[in-house]
Structures are given as structure tokens and as C-alpha cells.
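Chains as they are written, first to last, in this note's numbering: chain A, 75 to 656; chain B, 452 to 659.
What follows is the structure in C-alpha cells.
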């Protein structure tokens, strides 16, 4: 084993290439700054590496999920568990950590749901009496959201809602047939349903000739060969590399951020997975964007005399305030759609319709809201993935639905009648997914497990995360809403409503893959690791630009806010360089 | 059991089956190595990770079911999904090869499938002195009628019900995810185009 020390001193080293790291790299490279980006996984260019347009039968497992938890064609390399890179739990915690080790990280497979946080969301304590206020206001970040919209592209409809701010929108896609039934039922319950907001080019993006408009295959989770949707790889990192200012080292697993005698960041130590040698690179400034939990892990593992409990952690808040979305929902088969007409209804691989939070939370017995993500339609028959083949339920449902002859037969069976039941039920499923806001709490956290290291010898994370009564009350409401919508559609629910013993169907923490908050921003250096610019209070040449910076999430999916804040932080960094403050 | 309860029960069964499948699929234990050759077509390796390519190659090179088990699987698959005027049968669509692959890919199916096949043969042996394949077509249908209807089956038939549920599900997946099965269902997507919403005549039909 060798320790290889590079003599080059980079202006900036960025750790991570997802939404935050990608945006930082893009902004810096275009400003002429020499940047080195370290990515823990392989190079990934959707134009070459996407499995878009493969048929189910081109996979020996027909799209099944033996090696990829979201199906064989899903773009994410990694998953809930990575061989040789464990994480542990304490106090009965069941936090689920999804990691994508690849250029662009999880942005290659995300659902492209692109929502802005609202003015009330950023002042959570003031408006809802829980959590903390961000050190920034909506007005301070609005222009960055606007620029992200123009740079990357997002579709939606202008609605003028106070806490669901409109953006600069491309036209929204039309809904699928099944989704219209959900909309009708939700509207009947007084839930306003609007067009989804997604980062898919439903029309050409003005001023961008590297990306083409969407051709509507509905496969955004496979990543897009024509760059018709946003992945950090295709839309930020690869364009940044073309400037000649950004160098990417792939398969580089960061061990720690190095500091000098004054406690300032001086470089980064990493393992190269290709040759398994230890490398050290020097940097004038470090940007950390390895993902919410991985970034906290790196800081906690970066101990020194000046930073005895981890870098930028005099507040002792690094790893704490970990919070993910609450997640629930319901699905149904719609009997009125038996033998439904066939047409290509793939649409986009993001949201066609959604319902922003529509009630006053205080009157519902919980503090924050959730939104509805509406789904349904004729998807490619496949095994595994987001939408499994309805086949698993047909031999149960066929006992409750009259056949073409109007007669009902016992559930199950085989032969020609069963074969026909599969045809009749194909494409009849619809439902809602609910994502809600959970409050950041000091006692939900990740920390270094003192006894366990991964295969590179790096101490691993240990999680402690429990839902509280507020989260559970919200989940109960989600479930009641989903069931009311199913009833309103005349649907047959797929699943029995869960009771209090299973938190009303509330998914395990982490399953929302919206975890944020472990390196939060705050004006008080005693309480938060970062200032309002995403700069470490304790280490002025260290910046963080991933989801860990969130003071408090909302029910809006976090990616668009990560991008806007990463742009803002990186421009602040450039300004501070010019002023020679760092 | 009233209608409401029935719906709850099927909902539960359906979700349990799905949840179970989901839970089991996360396992990655290696399939037991055995000699033999696979006959699965080599998949397009675009976007595949090295370990995935190597794993597929290994699985295709192994054989789990013996010839007799495969013959029983083929016969069952064609009873579950027979040929009709619209499309071919399960074996026409290559379902037995898919089942042979998927039990190596998801080893949690191996024991229930092997044991279930044996249970079926023993049941036939007890009734008629022959294994399933050796029975007459009428005898085969008779025994399957006892295990193919989960809510009607007698208590002694439950192991058979469990096996047949799995066999039927794997057969349906194998058939309807094949080229033949996808065409049969009439899925029209996976081709670049312009999505302009549900056709007006369809909206009209459903009063939307």
C-alpha cells in the first residue's frame, strides 16, 4: 500500500458529484476556477450508460430487482445496502440509507419532482411553532430558484399559491387516464389538484443545444440518453468538464478532509478503488457534497487537534437533526377500467398531477403538511421496479370482479379464463403517494459507530431515528386521505389500512430518500455548523452544498432547493475568493 | 365473511404476497452451484456494472432444476397460460427458462418450488399411483382444481395452494414480460413520440 501525495494545489476540491457537488462544479468551472471533483463511484454518462428503451425481456430477470432495489433498469448504482460498506443502528432504529455511487449520484434515477420551498417553510418556528427558522428567507433565495429553472428546466403551471411558489415553467404534460380518475375523486373531496412540477424538458430548453426535448417514454428513473431530464451528470458535471476547468476523479472514496495547524481545510484524503492506494490532494478550499449522511460521516471522521470531535463541529450538531420525509399512500384497482383502451400513455417519468398541501395543519392535530403525488396508467409490464406487474394480484382480484359474461367466479384459477383476467386487469391501477414534512430533532441523528469500519477501514455511520407522535398523526391523515380517494373512485384498495401498531402505514425513516439536516445552517455558531452561506462557522474555507445544509425541510422534495442553495453558496465562495477572505 | 371482509382479505393477501416478494428480493445470497448449462440469451450489457455482468454469467451457467422438474414446470406453465387465438402458451414464450433463471437470481424461490413440485408428485402418487407428468390430463386438472383456488381449498391442500400461488405468479410474470406477452397485453409504449394526453374519444367514453 502506498500513500500518494499530489503536489498540485487545487483552487477547490469538491467531494461528491450529485445535485450539490454538480452545481458547485458547474458554477466554479464556468467562472474559470480550477476544480478537482472526487466521486466515490464510476463515471456515468446517461447518453452512453442509460438503459432507456430496453424491453423487460432484455433483462434476464425481466426488470426484477436482485441487484438494483428499484428494478434492473433503474439508473442507481448502489441501493439500500452496499457490499463492504455497512451502516449500523442503535436503540431499535430502522433508518434506511439509499446510496448511489456514480457520477451524478442519486440524480440519475430520481423522480425529477422539482418543487420550491415556500416562504412559510423557511420560517418553520415562526409559522408552525416547531423546528427552527432558516437563516435565509424565500426572498433571498428566489432569484437562485429562478436561475435554476432557466438553467436546468422545469415544467409546471402558474397557480399563485402563497407557500408553493411558481417558477419559470415549461408546459406541463397531460395526465394519464387513471390519474384523471384520481384527480376527479380528490377534487370531489375538496383537494385541489394541479399539474405536477418536474425537471423534464417537455419543450426545448431556451439557449441550450446540448439537451433535447423529452420524447415521452416515462423512464426518467433510467436516466435519459438525450438529456431530456435533469441528472447532475448530464446537465452539470459533463458540461463543466468541457470548460477544461473541472477534473473528475472517479472511484475515489473520501476518508477525511485534512486541515492545517490553524484548523483550515488543506486537502482531502481518499482511497482510489481502482488501485486501492491512498491519495492526498491539496486544496485552497473544500466543498463537501457527498450526500446528507455521507458528508456528516466525513466531517465526523475528520478529527484533529483543532477539531477534536470532527471538523466544523464545535456546535456538536454535525449528524444531528437528521430528518426525512414522512411517506405513506394507497393504491387501488379501478373496476371501471377493466378492458380499458390501449394507447401509448407512458408520458413523462415524473409527476403529471399533484396536490400541494391544502389544509391548515393546526386544525388536523399535527404541525406540518404533506402533498399527494398521483400515479397510475399502463406501464411496461415488468418484474420489480416502481410499478410491478399487476400479475401478483390478478389471481386474488379475479374472484371479486365479474367476467365479461357478467358472472363472478372463485378467486384464483388457471387456463384461458385466467389468461383473460390478466388482460382485463392490465393498466387498471391508480393511487396516491404522500410525502410530508417531518421536524428536525436533535435526537434523530447519525454518528460514528465506535466499533465498526467499512472495507476501506473508514469508521461507519450508526443511526438513531424515531418517528414521533406528530409524524404518526400525519401518517394517519395521509392514510385516511388515500382511502377516501380510493373510495371516491370506486376503487378496490390494494391493502388493508394499517393501524396504530404499524404507525398507520408510515414508511421507515430514510425510505423517502429525502434525508437532510445533518450539517445545518444557522446564524448561531454554537448551535449550527454552517452560516447562512453554507460556510463552516469553524473553518472558513470549507463549504457544504448538499441536502445536509437544510435547517428544516418541508413537504417539498429537496432537490430543487439543494440546487438553488448550491448555486448561491458557490457564488458566495467565488466572491469571497475575489475579496481574498478565503 | 361478508363482501367488505372479503375485500380486506384479498387486499391483505395481495399485499402480503407483494411485501414478501419485496422483502425477499433484497437478499443476495449466492445460488448453490451445480453442474449443467444454461440456455438464457445474453443480455445487453449497456449500463451494467461489472459485478452484475459477472453474476448473470455465473447464474446462466448453473442449473437448478433437473430434467424431470423442468418437464413438470413446463406442463404446469402451459396449463396456467395455454395458447389461444390471441397468443401462444407459456412455453411458447420461454417461461420455463425464465423460471429456471429467476430461482437462481432470487434463491428464496428455490425451496418452495422444489418442495412444491415434490408435494404435487406425492399427492398424485397417493391418488393415482403416478407422478404429475404421468397422470392423465383429467387427473392433472382434478388435482390442480384442489389447489388453484386459495379461498376454496381444503386445509390439507394448503401446501399445494402455497406452491401453486408461486408457480402461477412466476408463470404470469414470465409470460407477460416476454415479447409475446407484452404484445398480448397491448402495451403500446416504449417508443419515442409526443404525449398529448388521453385521446378525446377515450375521455368521452369515461365521462372525463
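Yeah, the Cβ is synthetic: ideal placement off N, Cα and C, and Gly gets one too.
6 Å CB neighbourhood of residue i in its chain, flanking five on each side removed
i: residue 521 of chain A; result: 393, 536
i: residue 560 of chain B; result: 554
i: residue 77 of chain A; result: 352
i: residue 639 of chain B; result: none
i: residue 300 of chain A; result: 286
i: residue 483 of chain B; result: Annotation note: pLDDT 29 at residue 483 of chain B (below 50); position unreliable, no value reported.
Residue environment, residue i, which counts as buried when at least 16 other CB atoms sit within 10 Å
i: residue 564 of chain B; result: buried
i: residue 502 of chain B; result: exposed
i: residue 609 of chain B; result: exposed
i: residue 578 of chain B; result: exposed
i: residue 247 of chain A; result: buried
i: residue 581 of chain B; result: exposed
i: residue 232 of chain A; result: exposed
i: residue 656 of chain B; result: exposed
i: residue 237 of chain A; result: buried
i: residue 581 of chain A; result: buried
i: residue 552 of chain A; result: buried
i: residue 332 of chain A; result: buried
i: residue 276 of chain A; result: buried
i: residue 493 of chain A; result: buried
i: residue 80 of chain A; result: exposed
i: residue 532 of chain B; result: buried
i: residue 625 of chain A; result: buried
i: residue 128 of chain A; result: buried
Closest residue to residue i among the options (Cα-Cα distance)
i: residue 510 of chain B; options: B:600, B:656, B:587, B:550; result: B:550
i: residue 218 of chain A; options: A:562, A:97, A:471; result: A:97
i: residue 105 of chain A; options: A:484, A:314, A:608; result: A:314
i: residue 166 of chain A; options: A:405, A:538, A:123; result: A:538
i: residue 534 of chain A; options: A:129, A:375, A:249, A:117; result: A:375
i: residue 525 of chain B; options: B:600, B:659, B:568; result: B:568
i: residue 195 of chain A; options: A:514, A:128, A:157; result: A:514
i: residue 528 of chain A; options: A:159, A:84, A:87; result: A:159
i: residue 645 of chain B; options: A:254, A:288, A:119, A:618; result: A:288
i: residue 343 of chain A; options: A:610, A:651, A:92, A:532; result: A:532
i: residue 586 of chain A; options: A:445, A:75, A:235; result: A:445
i: residue 500 of chain A; options: A:347, A:471, A:517; result: A:471
i: residue 397 of chain A; options: A:517, A:87, A:126, A:608; result: A:517
i: residue 187 of chain A; options: A:655, A:261, A:448; result: A:448
i: residue 597 of chain A; options: A:164, A:292, A:389, A:124; result: A:389
i: residue 355 of chain A; options: A:82, A:640, A:270; result: A:82
Cβ-heavy atom distance, residue i to the ligand FAD, below 6 Å
i: residue 585 of chain B; result: Of the ligands one can find in the structure shown there are none, so the ligand FAD has no counterpart to examine.
Beta-bridge partners of residue i, as assigned by DSSP
i: residue 174 of chain A; result: A:152
i: residue 405 of chain A; result: A:505
i: residue 268 of chain A; result: A:428
i: residue 79 of chain A; result: A:354
i: residue 445 of chain A; result: A:509
i: residue 341 of chain A; result: A:332, A:356
i: residue 613 of chain A; result: A:610
Own chain residues within Cβ distance below 8 Å of residue i, not counting five before or after
i: residue 480 of chain B; result: Low per-residue confidence applies at residue 480 of chain B: pLDDT is 30, beneath 50, and the placement is therefore not dependable, though the value from the model is reported in the following sentence. The residues are 558.
i: residue 369 of chain A; result: 89, 90, 362, 363, 592, 593, 618, 620, 622
i: residue 649 of chain B; result: 659
i: residue 576 of chain B; result: 582
i: residue 522 of chain B; result: 584
i: residue 485 of chain A; result: 469, 470, 471, 472, 473, 474
Beta-carbon proximity list for residue i, same chain, < 7 Å, skipping 5 on both sides
i: residue 604 of chain B; result: 597, 598, 612
i: residue 485 of chain B; result: The predicted position of residue 485 of chain B is uncertain, since its pLDDT is 29 and thus under 50; no value can be drawn from it.
i: residue 653 of chain B; result: none
i: residue 310 of chain A; result: 96, 97, 99, 100
In chain order, what residues of the segment 628-651 of chain B put their CB closer than 8 Å to some CB of chain A?
-> 628, 629, 630, 632, 633, 635, 636, 637, 638, 639, 640, 641, 642, 643, 644, 645, 646, 647, 648, 649, 650
At a Cβ cut of 8 Å, what residues of the segment 264-290 of chain A count as close to chain B, listed as they run along the chain?
-> 289, 290
Taking only beta carbons into account, state which residues of the segment 542-559 of chain A come closer than 8 Å to chain B, listed in chain order.
-> none
Interfacial residues, the segment 229-261 of chain A to chain B, with Cβ spacing under 8 Å = 247, 248, 249, 250, 251, 254, 255, 258
Note down, in chain order, all residues in the segment 579-612 of chain B with a beta-carbon under 7 Å from any beta-carbon belonging to chain A.
-> 595, 599, 600, 601, 602, 603
Mind listing which residues of the segment 404-422 of chain A have their C-beta closer than 9 Å to chain B's C-betas, in chain order?
-> 410, 411, 414, 415, 416, 417, 418, 419, 420, 421, 422
May I ask you to list, following chain order, the residues of the segment 541-557 of chain B that have a beta carbon less than 8 Å from some beta carbon of chain A?
-> Under the 8 Å Cβ criterion, the segment 541-557 of chain B contributes 549, 552, 553, 556, 557.
Residues in the segment 130-158 of chain A with C-beta within 9 Å of chain C's C-beta atoms, listed in sequence order?
-> Here the protein chains are A and B, and chain C is not one of them.
Contact list for the segment 477-495 of chain A against chain B, Cβ threshold 8 Å = Answer in chain order: 484, 485, 486, 487, 488, 489, 490, 492, 493.
Members of the segment 496-528 of chain A that neighbour chain B once the beta carbon cut-off is set at 9 Å | 496, 497, 500, 501
Positions along the segment 102-124 of chain A whose CB lies within less than 7 Å of some CB in chain B = 123, 124
Chain B contacts made by the segment 341-355 of chain A, where a contact means CB separation under 9 Å = none
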